[in-house]
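Asker: Letter 56 of the sequence shown, counting from 1, is numbered 1041 in our numbering, and no numbers are missing.
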Amino acid sequence: LEKILGGPGVFEPFLKKYLEKYQYQTVTTDDWKECLEEHFHDKKDVLKQVDWKAWLYTPGMPPVDVINLYDTTLTVPCTTLSDRWLKASEGDLASFSADDI
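1. Ends of the alpha helix (DSSP H) at H1026?
2. Assuming T1060 is part of the alpha helix (DSSP H), what are its boundary residues?
3. Classify T1011 as helix, strand or coil using the three-state DSSP reduction.
4. Mark L1021 as exposed unless 16 or more other C-beta atoms lie within 10 angstroms of its C-beta, in which case mark it buried.
5. Considering only C-alpha positions, which residue in the set K1038, L1078, K1029 and D1077 is nearest to T1014?
6. Following the continuous alpha helix (DSSP H) through L990, name the residue where it begins and the one where it ends.
7. Where do the ends of the alpha helix (DSSP H) carrying A1039 lie?
8. Under the three-state reduction of DSSP, which class applies to D1056: helix, strand or coil?
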């Protein structure tokens, strides 16, 4: 939700407003959703794209491809090196540098 609504810069102020509004109270899902829709009144078209039934009532992770949401700049070289190590034969060990250890 944070990503489709504009990122942390716009989502975090909503969270702060929500927490201030409902602190020390019992809150329902409908209360949360109403507060979200109030705060993002200018993004109703974006919120209409959300499959609320799946997000709120389907077991498991939310129905989004979370893998594509993360920066893989650091993980790709690690995975590549790991694959090299796993596939290496004894004769390949000399091809690894001190940086690969």
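Backbone N, C-alpha and C fix where the C-beta goes; we use that ideal spot for every residue, glycine too.
Predicted model, so just to flag it, every value in this text is computed and none were measured.
Answerer: On the basis of the coordinates in this document:
1. Indexing the sequence shown from 1 puts residue 1026 at position 41. Here H1026 belongs to no alpha helix (DSSP H), and DSSP marks it neither H nor E.
2. Taking the first residue of the sequence shown as position 1, residue 1060 is located at position 75. T1060 to K1072 is the span of the alpha helix (DSSP H), which, as asked, contains T1060.
3. Translated into positions along the sequence shown, residue 1011 becomes position 26. Three-state result, T1011: coil.
4. Stepping through the sequence shown from its first residue, residue 1021 is reached at position 36. Classification of L1021: buried, given that the 10 Å Cβ count is 16 or more.
5. Position 29 of the sequence shown, counted from the start, is the residue given in the question as residue 1014. Among K1038, L1078, K1029 and D1077, the Cα nearest to that of T1014 is on K1038.
6. Numbered from 1 along the sequence shown, position 5 holds the residue referred to as residue 990. Taken as a continuous stretch (DSSP letters only), the alpha helix (DSSP H) holding L990 covers E987 to L990.
7. Mapped onto the sequence shown, residue 1039 falls at position 54. W1037 to Y1042 is the span of the alpha helix (DSSP H), which, as asked, contains A1039.
8. As a first step, residue 1056 is located in the sequence shown; it is residue number 71 there, counting from the start. Note: D1056 maps to coil in three-state DSSP.
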